[in-house]
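Chains as they are written, first to last, in the numbering used here: chain A, 344 to 601; chain B, 65 to 335.
This report concerns only the one structure given below.
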Amino acid sequence: MIEEPYRWVEAIANRREYIETQLAAGSPIAAVGYRDGILFVTLGRARQKIFEIYDRIAMGAIGHPGDIERLRMAAIELASTEGFTRSAADVSLRRLAHYSLSPVMKSAFEQVYGAPYLARLLFAEIGSSPKEDLFLRVDYDGAIAADGLKAQPRQRFAVLSGTRQSAELMEKFLQKAHVTDAALPDAINIALDAWSVGRMAMGENASKELPEPAAVRKHRNEQLASAGVEAAVLERDTKSAMRYRILADEELRSSLQH
Amino acid sequence: MDKPPLALDPNFSGASEDFPAILRRKSLLQSAPEPNATAGNRTFIPTESTTILAFKFAGGVLVAGDRRATAGNTVVYDRADKVLEIDRHSIMAIAGVPATAWEMARVLEHSFQYFRRTQLQEMSVDGKVRALSKLLRDNFGFVMQGVGVVVPIFATYDGNSKPEARLYFYDAMGAQFEVTDYAATGSGSPAVRGILYYENNWGDKKLQELNEDEAAAIALRSLDTAAEADTSTGGVDRGGKIFPLIKIVSRDGITTLPEEKIAAIFKQRVA
């Protein structure tokens, strides 16, 4: 049946619908630039979702843990061997995503007899100045979006969520709330609010409009009581070549504004 | 990419490879030839033309090395860096063939990082010590051909272990020996071992009780003594103001003693 072009298109459409359903419950991840680097934040109950890939590259992911793990291992291996044979400065997120991950995910998605990757990835690479920071999203079909869902002037944040509506509202929220040179505690609060906006926009009866700030804070505080915060930063100016640092729970909780 | 990562093979599952194995799969790391029967008959003369030393003192572990690199009777370089930082709490000091040693340090550094990133936890001290041991063992074919002997010292600090400061030396085949107080390897090491043994037993203080300045002074005196009789050890070049490299690993990480400080200690306590 797949020999016929129409059937193939139909099979791909079914597959897309299936994957979207599988990803729909994924807890959002917000990555925001702040004064000293880039911050990744999400809330979760069990699995780790934010990872170090290389000296200047971090990744957030939603999807099936097995698929995320495969892609994560592949990304680390590619970055590490590149950094070993050349130098850490020659490891490029752009090349990693465009040349290595995207083609692999695309062909897995389109080969309808094989299994696709049930994963959606958000990468950030910290440059020597904010201008050189890079945010990239790689979707299960290999599609790459840089700097947000829609084509627009460069913005220093990016989001990842289970549904398109959720991601769009998070971006809309961050376009207003995000401050490029915020201190880390402020950035943590903005990112957590963005997470709440994304979370509230999920589910069938969710509103398509941005919620009121008070409602966002209320939702956030309820969630914080029952779920763990996971956060990590890529720091611009550290003595070490490794810029990735996991934020400890105390550091996070002490920055919360009520 | 000519060879895709194994993790992307749909049939792949199971434990991950270690980093050297990945490098070999991608032909980025040369495998040493198997030591064969004829090579076994050849007289094996290890030449590690240098002096490196390390000992525990009150502030952690001090690791020092002279700066001279030689080829046969010729001094080829007088600012060689033989004390290398592998990660935030580990130092490898090298005696032996520089090309192999630096490559080994690079592989080791990337191995620890690769492990931390993939396994989401630091490699244990035992794991790190074994990783270096395995690299040496894998390199032994080159050693038997006479082209790649490396005899390192490995110093690390682990707040969760007892004792917290750990110090190891290795032989060329990869056997590791943990020491309680001090280690020295290289052609100038017999003199250094004599000094450190003497200081530890009959000196004013035991090595482990020395403060940073006292420890640095003993390291400088040791290297100067080694250079006195060993042509391959640079010691302190008084004319060129080239001083040995001294690094300290402690709970807070690794610090490199600034050259001005070493010069001051040298002037005050050694010269």
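C-beta atoms are modelled at their ideal positions from N, C-alpha and C, and glycine is treated no differently.
Bear in mind that the values here come from a model prediction, so they are computed numbers and not experimental data.
Backbone CA spacing between Met65 of chain B and Pro446 of chain A [nearest angstrom]: Per-residue confidence for Met65 of chain B stands at a pLDDT of 45, beneath the threshold of 50, marking its modelled position as unreliable; the derived number appears in the next sentence. Roughly 11 Å separates the two Cα atoms.
Entirely enclosed beta strand (DSSP E) segments - the region 109-178 of chain B, minimum 3 residues: 116-121, 124-129, 133-135, 138-141, 147-151, 154-157
Met402 of chain A classed as buried or exposed, judged by whether at least 16 other C-beta atoms fall within 10 angstroms: buried
Within chain B, partners of Ile396 of chain A - CB distance below 9 Å: Arg181
Chain-ordered chain A contacts of His174 of chain B [CB-CB under 8 Å]: Ser423, Gly426, Phe427
Beta strand (DSSP E) segment containing Ile487 of chain A, residue limits: 487-489
Closest Cα partner of Leu517 of chain A within the set A:Arg438, A:Trp538, A:Ala431: A:Trp538
Per-residue contacts from Arg413 of chain A into chain B (C-beta, under 7 Å): Ala71, Leu72
Gly223 of chain B burial status per 10 Å Cβ neighbour count (16 or more: buried): exposed
Interface residues of the region 113-131 of chain B facing chain A [CB-CB below 7 Å]: none
Candidates A:Tyr397, A:Lys449, A:His441: closest to Phe427 of chain A by CA position: A:Tyr397
Three-state secondary structure assigned by DSSP to Phe307 of chain B: coil
Chain B contact for Gly571 of chain A (CB, 8 Å cutoff): no
Supposed contact pair Ala219 of chain B and Val313 of chain B - C-beta distance, whole angstroms, cut 8 Å: 5 Å
Where the beta strand (DSSP E) containing Gly380 of chain A begins and where it ends: 380-387
Collapsed DSSP secondary structure at Ala219 of chain B in the structure displayed: strand
Inter-residue CB distance, Ile116 of chain B and Ala157 of chain B (contact presumed, cutoff 8 Å): 4 Å
Straight-line Cα distance separating Arg542 of chain A from Gly505 of chain A: 9 Å
Nearest to Lys198 of chain B (by Cα), restricted to the options B:Trp166, B:Pro69, B:Ile329, B:Asp82: B:Asp82
Same chain only: Cβ atoms within 6 Å of Tyr261 of chain B, ignoring 5 sequence neighbours per side: none
Minimum C-alpha distance to Arg180 of chain B - residue among B:Arg170, B:Lys192, B:Ala328: B:Lys192
Environment of Tyr483 of chain A [buried if 16+ CB atoms lie within 10 Å]: buried
Alpha carbon of Leu321 of chain B to alpha carbon of Ile310 of chain B, nearest angstrom: 6 Å
Leu595 of chain A in three-state terms, based on DSSP: helix
Residue burial classification, Gln177 of chain B (beta-carbon count within 10 angstroms, cutoff 16): buried
Where Ala401 of chain A sits in the DSSP three-state scheme: strand
Coil, strand or helix - Ile531 of chain A by DSSP: helix
Identified DSSP bridge partners for Glu242 of chain B: B:Tyr232
7 Å CB neighbourhood of Arg437 of chain A in its chain, flanking five on each side removed: Leu477
Integer-rounded CB distance, given that Arg586 of chain A should sit under 8 Å from Ala575 of chain A: Not a contact, Cβ separation roughly 10 Å.
Selection from B:Lys90, B:Arg152, B:Lys146 that minimises the alpha carbon distance to Phe307 of chain B: B:Lys146
Bridge partners - Asp301 of chain B, DSSP secondary structure assignment: B:Ile306
Simplified DSSP state of Ile329 of chain B, which is helix, strand or coil: helix
7 Å Cβ shell around Ala440 of chain A - same chain, five flanking residues per side excluded: Phe466, Leu479, Val481, Ile487
Cβ-based neighbour list, Glu292 of chain B, same chain, cut-off 8 Å, excluding 5 preceding and 5 following: Ala255, Gly299
Rounded C-alpha distance that separates Asp130 of chain B from Gly317 of chain B: 22 Å
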